[in-house]
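Just remember that this note's numbering sits 30 ahead of the position in the sequence shown, which is counted from 1.
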Amino acid sequence: MIRFREAALHDLPEIVAIYNTTIAGRMVTADTEPVTVESRIKWFEDYSPARPLWMVEDENGDVAGWVSIRSFYGRPAYKATTEIAIYLKPECRGKGLGKTILQEAIDRCGALGIKTLLGFIFAHNEPSLKLFKQSGFEQWAMLPDVAELDGIERSLVILGKRIAD
């Protein structure tokens, strides 16, 4: 069982810590160096009830990770389309929790006026691609070799799912 709650500013150090655990693996984010809490304050402040940043807690109330819903492209015509990102603590990965979290986020998006969800995932991040595809996302685009991580060019896959018509 999991519980979502809106992130508060006091959660930002934990959000940053979880995010930073993904950088060294070069599969999840295009950041190549750890970020700081101070560098993420403006990013945090851009979230709102309509574009939430949720903390995910387990049945004991311990934080397992976080989910962000961000506007896509920032123009009014795209207001019903958002990007979703899920970040889990290392000890919570690979246990099926991502599927539960992704479904809960999908279920909540209709009430936010969201009709289309997008996931931006590196092509070599097979676990995340599998997770999203199992949840009904389809590959809508491939941007070949658009990122370079440690001298290796990496492609970006854009997965999409219509959640309302």
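Think of the CB as a built atom: it goes at the ideal place given N, C-alpha and C, for glycine as much as any other residue.
- Secondary structure note for G149: it is in no alpha helix (DSSP H), and the uninterrupted beta strand (DSSP E) holding it is 146-152.
- In the DSSP assignment, S158 falls within the unbroken alpha helix (DSSP H) covering 156-164.
- In this structure, E113 lies near F150, with their beta-carbon atoms less than 8 Å apart.
- Looking only at A115, L142, G140, S78, the smallest Cα-Cα distance to K129 is reached by A115.
- The beta carbon of W96 is closer than 7 Å to those of A37, I45, I48, L83, W84, M85, V86, Y117 in its chain, skipping five residues each way along the sequence.
- For the pair D61 and I53, the CB atoms are nearer than the 8 Å cut-off.
- By the C-beta criterion, the region 140-156 is judged to be in contact with the region 184-191, since at least 3 inter-stretch pairs fall below 8 Å.
- Per DSSP, the unbroken beta strand (DSSP E) holding R35 starts and ends at 33-36.
- Closest option to L147, judged by alpha-carbon separation, among K119, M57, E168, I32: E168.
- When rounded, the separation of the alpha-carbon atoms in T59 and P106 is 27 Å.
- Around the beta-carbon of K125, fewer than 16 other beta-carbon atoms lie within 10 Å, marking it exposed.
- Here the alpha carbons of D180 and Y77 stand approximately 31 Å from one another.
- Contact between I131 and I193 is ruled out by a C-beta separation of about 15 Å, above the 8 Å threshold.
- The beta-carbon distance between D92 and I32, rounded to whole angstroms, is 11 Å. This is too long to meet the 8 Å contact definition.
- Sixteen is the threshold: when 16 or more other Cβ atoms of the shown chains lie within 10 Å of the Cβ of S158, as they do, the residue is buried.
- For V58, there is no enclosing beta strand (DSSP E), as DSSP marks it with neither H nor E.
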